[in-house]
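Numbering (my numbering), first residue to last: 2 to 285. Glycine included, each C-beta is placed from N, C-alpha and C at the ideal position. Quick caveat: nothing in here was measured; it's all calculated off a predicted structure.
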């Protein structure tokens, strides 16, 4: 059972049958040799056809979810305006859908599902074409043989055609393998490059907040970033660090002449940089 599974996973080499005592020029030996080479070609073709099925399914699944998530991400801001749907009032879910869609495409690219599917189809088609050409040539060459009697020239011609076909099959397998190696190396290099780039772009940034009329707040101002209280400021200037890159909503609120006042703003944080935000309390 295990041997059968291994045969399905890999293409194993097969030794060609050796000629009998009467020599390799016998008609029976040539027919046996031809049958062996043909069977090996058919086995290889079937291997590629079977292997492409899994790659095809995985490619379609990942691309289907990528398209679906992009659609959800694009429609989510519109759907938020429909009160009856009861969706969470957070536009960030749309960005999350886009991020997961990108992850699906990246997974497909790194794992090589789509590219392997296409590569296996191309290889199987090429091998089928080579097999058909060999079978046609073999019939034509045997048509030149009279009374099943082979002379040296005919023997050599048949053996050379067998050798060419046998070599062509293995050359195509080697070509497909080399394509996979190149693709894997490129995917690995791209993954390392993307990882390094994301590491650089995900470095936290700093917000330099200025509230021009903060002095009017008797007890200072509380500062919220994305609805979380992060600081209390008593002057006009405050620096807040360790903010992830992207847009953040900022609220400052306090008491002026016994009344609660607050100011809103949004800031786009850039990795490893200081970004300024200026607010003003709505007071006369």
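Just list the residues that DSSP pairs residue 265 with in beta bridges. On the chain shown, position 264 is the one that residue 265 refers to. DSSP output for residue 265 lists 252 as bridge partner(s).
Is DSSP giving residue 218 helix, strand or coil here? Numbered from 1 along the chain shown, position 217 holds the residue referred to as residue 218. In this structure, DSSP gives residue 218 a state outside helix and strand, which the three-state scheme calls coil.
Are the stretch 237-249 and the stretch 202-221 touching by the rule of at least three beta carbon pairs closer than 8 Å? At 8 Å Cβ cutoff, the stretches touch.
Segment limits, alpha helix (DSSP H) that includes residue 137: To locate residue 137, count along the chain shown from 1; it is residue 136. Annotation: the continuous alpha helix (DSSP H) that includes residue 137 extends over 114-144.
Taking all protein chains shown into account, do 16 or more other C-beta atoms lie within 10 angstroms of the C-beta of residue 195, making it buried, or fewer, making it exposed? Mapped onto the chain shown, residue 195 falls at position 194. Answer is exposed; the Cβ neighbour count stays below 16.
Based on the DSSP secondary-structure assignment, which residues constitute the bridge partners of residue 100? Residue mapping note: residue 100 aligns to position 99 of the chain shown, counting from 1. Answer is none; residue 100 lacks a bridge partner.
Would you grab the beta carbon distance between residue 270 and residue 276 for me? Rounded to a whole angstrom, and I think it's under 8 Å. On the chain shown, position 269 is the one that residue 270 refers to. On the chain shown, position 275 is the one that residue 276 refers to. Going by Cβ atoms, the distance from residue 270 to residue 276 rounds to 6 Å, so yes, they are a contact pair.
Within 10 Å of its beta-carbon, does residue 201 have 16 or more other beta-carbons around it, so buried, or fewer, so exposed? Here residue 201 is taken as the residue at index 200 of the chain shown, counted from 1. Residue 201 is exposed by the Cβ-count criterion.
Please classify residue 62: does DSSP put it in a helix, a strand, or coil? Taking the chain shown and counting its residues from 1, the one referred to as residue 62 is at position 61. Here residue 62 sits in helix by DSSP.
DSSP beta-bridge partners for residue 279? On the chain shown, residue 279 is found 278 positions in, with the first residue counted as 1. 211, per the DSSP bridge assignment.
Element boundaries [beta strand (DSSP E), containing residue 241]: Position 240 of the chain shown, counted from the start, is the residue given in the question as residue 241. 238-244 is the extent of the beta strand (DSSP E) around residue 241.
What does the Cβ neighbour count give for residue 2, buried or exposed, with the cut at 16 atoms within 10 Å? For the purposes of this step, residue 2 is identified with residue 1 of the chain shown, where counting begins at 1. Only weak support exists for where residue 2 lies, its pLDDT of 39 falling under 50; the value from the coordinates is given anyway. Counting of Cβ neighbours within 10 angstroms places residue 2 among the exposed residues, the total staying below 16.
Going by beta carbon distance, what residues of the same chain come within less than 7 Å of residue 183, once the five residues before and after it are set aside? For the purposes of this step, residue 183 is taken as the residue at position 182 of the chain shown. Closer than 7 Å at Cβ, skipping near neighbours: no residue.
Are at least three pairs of beta-carbons, each pair with one atom in the stretch 53-69 and one in the stretch 141-149, less than 8 Å apart? The stretch 53-69 makes no contact with the stretch 141-149, as fewer than three CB pairs between them are under 8 Å.
Buried or exposed (CB count within 10 angstroms, at least 16 for buried), residue 109: If you number the chain shown from 1, residue 109 lands on position 108. Burial call: buried.
Within the chosen definition, does the stretch 95-103 reach the stretch 40-52 through at least 3 CB pairs nearer than 8 Å? Touching, no.
Following the continuous beta strand (DSSP E) through residue 232, name the residue where it begins and the one where it ends. Taking the chain shown and counting its residues from 1, the one referred to as residue 232 is at position 231. Where residue 232 is concerned, the enclosing beta strand (DSSP E) stretches over 229-234.
Would residue 191 count as contacting chain D if we go by Cβ distances under 8 Å? The question asks about chain D, but that chain is absent: this structure has only one protein chain.
Between 41, 32, 231 and 127, which has its C-alpha nearest residue 16's C-alpha? By 1-based counting over the chain shown, the position of residue 16 is 15. Of the candidates 41, 32, 231 and 127, the one whose C-alpha sits nearest the C-alpha of residue 16 is 41.
Kindly confirm or deny that the stretch 259-267 and the stretch 229-240 touch, where touching means at least three C-beta pairs closer than 8 Å. Cβ pair count under 8 Å is below three, so no.
When you compare only the Cα positions, how much space is there between residue 95 and residue 77? Counting from 1 along the chain shown, the entry for residue 95 is found at position 94. Counting from 1 along the chain shown, the entry for residue 77 is found at position 76. Rounded to the nearest angstrom, the two C-alpha atoms are 6 Å apart.
Same chain, Cβ closer than 8 Å to residue 39, neighbours up to 5 away in sequence not counted: Start at 1 with the first residue of the chain shown, and residue 39 comes out as number 38. These residues qualify, in order along the chain: 132, 135 and 136.
Distance between beta carbons of residue 53 and residue 122, contact taken as under 8 Å: For this step, residue 122 is matched to residue 121 along the chain shown. For this step, residue 53 is matched to residue 52 along the chain shown. With 8 Å as the limit, residue 122 and residue 53 qualify as a contact, their Cβ atoms being about 6 Å apart.
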